[in-house]
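Report on the structure given below.
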Amino acid sequence: MNTLPSLSANSDVPTCWAKGLLRTMKWQGYTPSVSPSHQRLGYSEPFHRPSNMPSHTAPCALMRLHAFDGAPWKWPAWQERTGIFHGLFPTDDALLPKGWTRQNANDVQSYFQNYLAQPTEEKKQQYQSKSVHPGKVVWHEFVKRNWPRWNVHDAVVGELKDWDVHPTAILIREHNGEESDWPHADSYSAIILNTLGLRLFGEEAFLPNSETLPLSIRRNLAIFVQKSWDSIRKSVKQLKTNAQKVENEARASFAELEIGNLTLKNVGKAIRDVAQWKEVSELYNTQENIRKAEEMLGDLQVIMETLGAQIPKEKRVARKGTCKVSTKALQTLATQEDVTDLLNIYHDYFEANVEDDDDPPFLALLSSRRSSSRNVETEMSSELLAQRLRFLTGLPPQFNAYRHRAGISPWDNPELFTREPVPPELTPLKLHWHQLAGAHSIVRSLFIEEKHALHTKGVLISDQVGLGKTTQTITVIAFLNEAIYLQSTNRPPPPILVYCQHALTQFFLAERPFLAGSKKIPSH
Numbered sequence: 030m031n032t033l034p035s036l037s038a039n040s041d042v043p044t045c046w047a048k049g050l051l052r053t054m055k056w057q058g059y060t061p062s063v064s065p066s067h068q069r070l071g072y073s074e075p076f077h078r079p080s081n082m083p084s085h086t087a088p089c090a091l092m093r094l095h096a097f098d099g100a101p102w103k104w105p106a107w108q109e110r111t112g113i114f115h116g117l118f119p120t121d122d123a124l125l126p127k128g129w130t131r132q133n134a135n136d137v138q139s140y141f142q143n144y145l146a147q148p149t150e151e152k153k154q155q156y157q158s159k160s161v162h163p164g165k166v167v168w169h170e171f172v173k174r175n176w177p178r179w180n181v182h183d184a185v186v187g188e189l190k191d192w193d194v195h196p197t198a199i200l201i202r203e204h205n206g207e208e209s210d211w212p213h214a215d216s217y218s219a220i221i222l223n224t225l226g227l228r229l230f231g232e233e234a235f236l237p238n239s240e241t242l243p244l245s246i247r248r249n250l251a252i253f254v255q256k257s258w259d260s261i262r263k264s265v266k267q268l269k270t271n272a273q274k275v276e277n278e279a280r281a282s283f284a285e286l287e288i289g290n291l292t293l294k295n296v297g298k299a300i301r302d303v304a305q306w307k308e309v310s311e312l313y314n315t316q317e318n319i320r321k322a323e324e325m326l327g328d329l330q331v332i333m334e335t336l337g338a339q340i341p342k343e344k345r346v347a348r349k350g351t352c353k354v355s356t357k358a359l360q361t362l363a364t365q366e367d368v369t370d371l372l373n374i375y376h377d378y379f380e381a382n383v384e385d386d387d388d389p390p391f392l393a394l395l396s397s398r399r400s401s402s403r404n405v406e407t408e409m410s411s412e413l414l415a416q417r418l419r420f421l422t423g424l425p426p427q428f429n430a431y432r433h434r435a436g437i438s439p440w441d442n443p444e445l446f447t448r449e450p451v452p453p454e455l456t457p458l459k460l461h462w463h464q465l466a467g468a469h470s471i472v473r474s475l476f477i478e479e480k481h482a483l484h485t486k487g488v489l490i491s492d493q494v495g496l497g498k499t500t501q502t503i504t505v506i507a508f509l510n511e512a513i514y515l516q517s518t519n520r521p522p523p524p525i526l527v528y529c530q531h532a533l534t535q536f537f538l539a540e541r542p543f544l545a546g547s548k549k550i551p552s553h
C-alpha cells in the first residue's frame, strides 16, 4: 500500500505544470494552506525559500523524503541504485549502510528526528545549517561520498537533455552562449520531475492511478535538479576560464601532426583536444571561436577519412584550404588494430555525443533488411530498452558513470571521479539507442518462452567500424552477469525475462525465462 501523503482534497494543482508553478510561487512568497498530511509530518508551513536562508541541499532533501515512511529507501529502484536494501536504520547491524556503525545510525536517526521536530520551515533550515549534531556530519559525509556512485547527477542530466532543457543548450539557443544569462533551474525543473522520479524512484513513488509525482516528492526532487544545475554551471565557468589553454593545446596537437610526428598517441591526443575545443567554442559561441574550431574539425575529418572513417554528409565541415598533414604518412601510420582504435576514439568524441533523434538511428540502414523480430526494438525508446534490461541508471550496474577524456579510470585516480562539481574532463558514459536495441535483441534471441535444448546460445554481431560493437558485447556480458547475481540471490530477474507491464507505456512482452533447455543461467 502506498503510504505517501496525498494532496489536500481541495487542491487546485491537478497537473505537473500547475504543481511546478505552485512550487515556484511558494518560493516567491505565495502561501496557500497546507494539507493535513503535511501538518502531521511536521510541515506546518508551506515549502518556501526565505531570502536570507541558504538553499536546501541533497542530504537535506533525502532527510525530508525519509519522513514519508522511509522514502526513497523503501523503493526497489532506489535500493538498486544505492545498494541499500534494508533502509537506513535496520535493527540488524550487519544490514547497516556500508561504513556505518550502530552509533553512526543512532546519531543520524537522532539528527533526522531533531530536524523534523522544528516547528517551522525557517527553523528547519536554520537547524540543518547551524546544527553541530554528530549525526549531521555522518549523514552529510555519507551522501557526499556516495552521490557520484549513485549516479543521480547523470540521471538529472539525462532528463534535461531528453526534454531539451539542459542549461548549456538553453544558453546557446537563447542567450548566444553568454554565461551571465544563466537560466534559473526553477523555470525548467518542473518539466522533468515526473520522468526523473520514475527513473530514480520507480513507479512506487507515484500515487495509485496517477502519472504525476505527489507534490511532497516533487519538492525534494527539485533539490536534486538544482544541485546538478549548479554543478553544470561551475563546470561551464571552468571550461570558459580555460578556453585559451584549450585552444592552444589543440593547435599544438595539430602542429605535431603537421611536422610529421604521426604516432597513435599524437593522433589520439589531437582528436581529444579538438573535441574539447569544439565544446568550448560552442559554449563561448563567438564567430571567431566557432571559425577556429571548424577549421580544426575540418582538418581532423580529412585525417579520419584517410584512415577509413565515413563522415556523414550532414556532419562534414566545408574547408577552404588543404590539410597540411601528410596523407601518405597517415596511410602507413599503424596497424589496422591501431587505426580501429583511432576511429573508435573519433566516434566517441564527435558522433557518440550527438543526441538521438525522436526516431531510433540507423533505421534507414535497417529498412532493407528488417525482420519481424527487429520491429520490437524499433518501436522502443532508449529509456524503455534500458528499463527492460534492468539498467536502472541507463547503464549496466558494473559500468563506470563517467569517462575521462585522457583514458584515466577510477582505478587510476578514485578521487578524481568523486569530485563535486564533476570536472570538465569527465563526460557521462551513455549507451546509444542502437547499442541498447542490439543488446535487447540479443537477449531476446538467446532467451525463449519454452524449453528447447537445441536453441541457439550464440549471436554474431557485425557492423561498420566505430559503431560500438565492443561496447554492445560488454553490455550483454554485464546483463548476463547481473541476471546471474539476481538468480543467485533469489530476486526478480530483469523485466525482459519475465512478463512485464510498464504503467506509463503499456508495453508488453511475453515471458521468456529459458536459456535453451534450462531455466537457470550457467555461472561456472
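Under this note's numbering, think of the first position of the sequence shown as 30, with each following residue one higher. Cβ atoms here follow ideal geometry from the backbone N, Cα and C, with glycine treated the same way.
Practice problem: Please name the residue or residues paired with H433 in a DSSP beta bridge. | Solution: Working through the sequence shown from its first residue, we reach residue 433 at position 404. According to DSSP, which records beta bridges pairwise, H433 is partnered with L455.
Practice problem: Classify Y431 as buried or exposed, calling it buried when 16 or more other Cβ atoms lie within 10 Å of its own Cβ. | Solution: Walking along the sequence shown from the start, residue 431 turns up at place 402. Y431 comes out buried.
Quiz item: Within the chosen definition, does the stretch 130-138 reach the stretch 108-121 through at least 3 CB pairs nearer than 8 Å?
Solution: Touching, yes.
Quiz item: With respect to the alpha helix (DSSP H) encompassing F508, which residues constitute its N-terminal and C-terminal limits?
Solution: Taking the first residue of the sequence shown as position 1, residue 508 is located at position 479. F508 -> alpha helix (DSSP H) spans 498-517.
Exercise. Measure the alpha-carbon distance for V63 versus H162 and round it to whole angstroms.
Key: The residue you call residue 63 lines up with position 34 of the sequence shown. The residue you call residue 162 lines up with position 133 of the sequence shown. Bear in mind that the predicted position of V63 carries a pLDDT of just 34, short of 50, making it unreliable; the figure below should be weighed with that in mind. For the pair V63 and H162, the Cα-to-Cα distance works out to about 29 Å.
Practice problem: Compute the distance between the beta-carbons of E511 and P426, then report whether it is under 7 Å. | Solution: Counting from 1 along the sequence shown, the entry for residue 511 is found at position 482. Counting from 1 along the sequence shown, the entry for residue 426 is found at position 397. It is a contact, given that the beta carbons lie within the stated cut-off.
Quiz item: So what does DSSP say about F114, is it helix, strand or coil?
Solution: The residue you call residue 114 lines up with position 85 of the sequence shown. Of the three classes helix, strand and coil, the one that applies to F114 here is coil, per DSSP.
Quiz item: Does the beta-carbon of N442 have 16 or more other beta-carbons within 10 angstroms, so that it is buried, or is it exposed?
Solution: Residue numbering aside, residue 442 sits at position 413 when the sequence shown is read from its first letter. By the 10 Å Cβ count, N442 comes out exposed.
Quiz item: In chain order, what residues of the same chain lie with their CB nearer than 7 Å to the CB of Q267, ignoring the 5 residues before and after it?
Solution: On the sequence shown, position 238 is the one that residue 267 refers to. Only P453 meet the Cβ criterion.
Quiz item: How is F230 classed by DSSP in three states: helix, strand or coil?
Solution: Taking the first residue of the sequence shown as position 1, residue 230 is located at position 201. Correct three-state label for F230: helix.
Practice problem: Using three-state DSSP, classify F476 as helix, strand or coil. | Solution: Against the sequence shown, residue 476 aligns to sequence position 447. Here F476 sits in strand by DSSP.
Quiz item: Is it buried or exposed for F240, if we count other Cβ within 10 angstroms and need 16 for buried?
Solution: For the purposes of this step, residue 240 is identified with residue 211 of the sequence shown, where counting begins at 1. Looking at the sequence itself, residue 240 is Glu, so the reference to Phe does not match. Using a 10 angstroms sphere on the CB of E240, the tally of other CB atoms stays under 16, which defines it as exposed.
Quiz item: Per DSSP, what kind of secondary structure is T241 in: helix, strand or coil?
Solution: Counted from its first residue, the sequence shown places residue 241 at position 212. In the structure shown, T241 adopts coil according to DSSP, grouped into three states.
Practice problem: Confirm, please, whether the CB-CB distance from I261 to P196 is below 7 Å. | Solution: For the purposes of this step, residue 196 is taken as the residue at position 167 of the sequence shown. For the purposes of this step, residue 261 is taken as the residue at position 232 of the sequence shown. Between P196 and I261, the C-beta spacing is below 7 Å.
Quiz item: Can you give the Cα-Cα distance for Q155 and E188, rounded to whole angstroms?
Solution: Mapped onto the sequence shown, residue 155 falls at position 126. Mapped onto the sequence shown, residue 188 falls at position 159. Answer to the nearest angstrom: the Cα atoms are 32 Å apart.
Quiz item: So, helix, strand or coil for N175, using DSSP?
Solution: Taking the sequence shown and counting its residues from 1, one reaches residue 175 at position 146. Here N175 sits in helix by DSSP.
Practice problem: Measure from the alpha carbon of Q416 to the alpha carbon of each residue in S158, R131, E109, then state which is nearest. | Solution: Taking the sequence shown and counting its residues from 1, one reaches residue 416 at position 387. Minimum Cα distance to Q416 is reached at E109.
Quiz item: If you compare alpha carbons, which of E308, W104, V185, W129 is closest to T422?
Solution: To locate residue 422, count along the sequence shown from 1; it is residue 393. Out of E308, W104, V185, W129, V185 has the C-alpha closest to the C-alpha of T422.
Self-check item: Beta-carbon proximity check, Q121 vs R131, cutoff 7 Å
Solution: By one-based count along the sequence shown, residue 121 stands at place 92. By one-based count along the sequence shown, residue 131 stands at place 102. The displayed chain sequence assigns Asp, not Gln, to residue 121. For D121 and R131, no; Cβs fall outside 7 Å.
Quiz item: Would V181 be called buried (16 or more neighbouring beta carbons within 10 Å of its own) or exposed?
Solution: One-based indexing of the sequence shown puts residue 181 at position 152. Flag for V181 reads buried.
Quiz item: Using 8 Å as the Cβ pair cut-off and three pairs as the minimum, do the stretch 295-308 and the stretch 320-335 touch?
Solution: A contact exists between the stretch 295-308 and the stretch 320-335.
Quiz prompt | Nearest-angstrom beta carbon gap, I220 and W192 [assumed within contact, 8 Å] | solution = By one-based count along the sequence shown, residue 192 stands at place 163. By one-based count along the sequence shown, residue 220 stands at place 191. Right, their Cβ atoms sit about 5 Å apart.
Practice problem: Flag this pair as yes or no: are the beta carbons of V472 and I525 separated by less than 7 Å? | Solution: Taking the sequence shown and counting its residues from 1, one reaches residue 472 at position 443. Taking the sequence shown and counting its residues from 1, one reaches residue 525 at position 496. Yes, these two residues count as a Cβ contact at 7 Å.
Practice problem: Could you round the C-beta distance between W462 and S411 to whole angstroms and report it? I think they count as a contact, below 8 Å. | Solution: Residue numbering aside, residue 462 sits at position 433 when the sequence shown is read from its first letter. Residue numbering aside, residue 411 sits at position 382 when the sequence shown is read from its first letter. Right, their Cβ atoms sit about 5 Å apart.
Self-check item: Residue of G231, S474, L371 minimising C-alpha distance to W102
Solution: Your numbering for residue 102 matches position 73 in the sequence shown. Of the listed residues, the one whose Cα sits closest to W102 is G231.
Practice problem: Reducing DSSP to helix, strand and coil, say where G187 ends up. | Solution: Here residue 187 refers to the residue found at position 158 of the sequence shown. Note: G187 maps to helix in three-state DSSP.
Exercise. Give me the Cβ distance between H469 and E406, rounded to the nearest whole Å; I'm assuming they're in contact under 8 Å.
Key: Against the sequence shown, residue 469 aligns to sequence position 440. Against the sequence shown, residue 406 aligns to sequence position 377. With a Cβ gap of about 6 Å, H469 and E406 count as contacting.
Quiz item: Which word fits D183, buried or exposed, when buried means at least 16 other C-beta atoms lie within 10 angstroms of its C-beta?
Solution: Locating residue 183 in the sequence shown gives position 154, where the first residue counts as 1. It is buried - the Cβ of D183 has at least 16 other Cβ atoms within 10 Å.
Quiz item: Is it the case that the Cβ atoms of N249 and L94 are separated by a distance below 7 Å?
Solution: Here residue 249 corresponds to residue number 220 of the sequence shown, with the count starting at 1. Here residue 94 corresponds to residue number 65 of the sequence shown, with the count starting at 1. One thing to note: N249 has its Cβ within 7 Å of the Cβ of L94.
Quiz item: Exposed or buried, I490, counting other C-beta atoms within 10 Å across all chains shown (16 or more means buried)?
Solution: Start at 1 with the first residue of the sequence shown, and residue 490 comes out as number 461. I490 counts as exposed, since fewer than 16 other beta carbons sit within 10 angstroms of its beta carbon.
Self-check item: Under 7 Å between C-beta atoms of A214 and W258
Solution: For this step, residue 214 is matched to residue 185 along the sequence shown. For this step, residue 258 is matched to residue 229 along the sequence shown. Yes, the Cβ-Cβ distance between A214 and W258 is below 7 Å.
Quiz item: On the premise that N143 lies in contact with V167, defined as a C-beta separation below 8 Å, what is that separation, rounded to the nearest angstrom?
Solution: Against the sequence shown, residue 167 aligns to sequence position 138. Against the sequence shown, residue 143 aligns to sequence position 114. Rounded to whole angstroms, the Cβ separation of V167 and N143 is 14 Å, and the two are not in contact under 8 Å.
Quiz item: So what's W56 in DSSP terms, helix, strand or just coil?
Solution: Position 27 of the sequence shown holds residue 56. Confidence at W56 is low in this model, with a pLDDT of 32, below 50, so its placement is unreliable and the value that follows should be read with caution. Correct three-state label for W56: helix.
Exercise. Select from R520, L465, R174, L225 the residue whose C-alpha is nearest the C-alpha of Q501.
Key: For the purposes of this step, residue 501 is identified with residue 472 of the sequence shown, where counting begins at 1. Minimum Cα-Cα distance from Q501 among the listed residues R520, L465, R174, L225 corresponds to L465.
Practice problem: Taking H95 as part of the alpha helix (DSSP H), name the residues at either end of that continuous run. | Solution: Here residue 95 refers to the residue found at position 66 of the sequence shown. Taken as a continuous stretch (DSSP letters only), the alpha helix (DSSP H) holding H95 covers 87-95.
Practice problem: State the Cα-Cα distance for the pair P126 and P212, rounded to the nearest angstrom. | Solution: If you number the sequence shown from 1, residue 126 lands on position 97. If you number the sequence shown from 1, residue 212 lands on position 183. Approximately 37 Å between the Cα atoms of the pair.
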